[in-house]
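Residue numbers (our numbering): 275 to 480. Positions of the beta carbon are idealized from the N, C-alpha and C atoms, including for glycine. Shown next, in structure tokens, is the structure this report addresses.
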């Protein structure tokens, strides 16, 4: 039991640090989505940790990463809150399913469910508070500034910006991002799980 806890703490610390670093390796797709939406893989270590050690470890990685990032927030911590909610939703959903159905088919089902959870939470967060908060925080309530940042979306106006943003940005962007993260997970998980197994054996020998 003690060695298992050592392994868990080791994974949480290292994967949370990697998750924090991956957050800053990001890039936008400005000709497709609004420029403030960045492709980044910070949830990848948490998903891998959840697959390998279960939803508690995966969730802990998300929480620790968020706590590390909070002092560097440029969004009054609202962006970090959304990242936390999305991370917890997708990690818990996918890792619980994979824990119950520990096969390649189970992994695919877990990834599909995790992607759905990711999109659902992202859309709900944007609809209920994120867009309105950013309108006040970054544009001081001036709708023209927000519309300028959403200009890549066809036909966006002051009357329909929320619906247009959800349909043409939030849903497709988060579908693409979640798909990329889970695709990389699918490619690298087995190799990383072998490394985790090797680490567990080394800890058991101590």
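Among all the DSSP beta bridges, which residues are the ones paired with residue i?
| i | result |
| --- | --- |
| residue 301 | 313 |
Cutting at 6 Å between CB atoms, please list the residues of its own chain near residue i, excluding the five before and the five after it.
| i | result |
| --- | --- |
| residue 306 | none |
| residue 363 | 391 and 395 |
| residue 360 | 392, 395 and 396 |
| residue 342 | 294 |
For residue i, is the beta carbon positioned less than 7 Å from some heavy atom of the ligand FMN?
| i | result |
| --- | --- |
| residue 307 | In terms of ligand content, the structure shown is empty, and the ligand FMN therefore cannot be addressed. |
Between the C-alpha atoms of residue i and residue j, what's the straight-line distance to the nearest angstrom?
| i | j | result |
| --- | --- | --- |
| residue 464 | residue 444 | 31 Å |
| residue 332 | residue 416 | 39 Å |
| residue 313 | residue 280 | 33 Å |
| residue 357 | residue 325 | 19 Å |
| residue 383 | residue 466 | 20 Å |
| residue 340 | residue 294 | 8 Å |
| residue 386 | residue 447 | 16 Å |
| residue 367 | residue 347 | 27 Å |
| residue 432 | residue 426 | 15 Å |
| residue 282 | residue 371 | 20 Å |
| residue 439 | residue 376 | 37 Å |
| residue 430 | residue 309 | 15 Å |
| residue 461 | residue 311 | 25 Å |
| residue 424 | residue 473 | 47 Å |
| residue 344 | residue 471 | 32 Å |
| residue 455 | residue 369 | 14 Å |
| residue 400 | residue 468 | 38 Å |
| residue 298 | residue 278 | 31 Å |
| residue 284 | residue 422 | 45 Å |
| residue 328 | residue 303 | 33 Å |
| residue 442 | residue 450 | 12 Å |
Leaving out five residues on either side along the sequence, give the residues of the same chain with a beta carbon under 7 Å from the beta carbon of residue i.
| i | result |
| --- | --- |
| residue 420 | 409, 413 and 435 |
| residue 276 | The pLDDT assigned to residue 276 is 48, lower than 50, so where the model puts this residue is not dependable; a value taken from the coordinates is nonetheless given after this. The answer is none, since no qualifying residue turns up. |
| residue 335 | 286, 289, 290, 293, 319, 320 and 323 |
| residue 301 | 312 and 313 |
Cutting at 8 Å between CB atoms, please list the residues of its own chain near residue i, excluding the five before and the five after it.
| i | result |
| --- | --- |
| residue 458 | 315 and 318 |
| residue 453 | 389 |
| residue 374 | 380 |
| residue 411 | 349, 350 and 352 |
Within 8 Å of any Cβ in chain D, is that where the Cβ of residue i sits?
| i | result |
| --- | --- |
| residue 470 | Here there is only one protein chain, and chain D is not present. |
(message) Check whether the stretch 341-354 and the stretch 398-413 touch, using three or more Cβ-Cβ pairs below 8 Å as the test.
(response) yes
(message) Going residue by residue through the stretch 417-456, where are the continuous alpha helix (DSSP H) segments of at least 4 residues, counting only ones entirely within it?
(response) 417-423 and 435-439
(message) What ranges does the alpha helix (DSSP H) occupy inside the stretch 349-413, keeping only unbroken runs of at least 4 residues that lie completely in it?
(response) 352-374, 378-399 and 405-413
(message) Please give the ranges of any alpha helix (DSSP H) in the stretch 314-348, keeping only runs that are unbroken, at least 4 residues long and fully inside the region.
(response) 318-327 and 329-343
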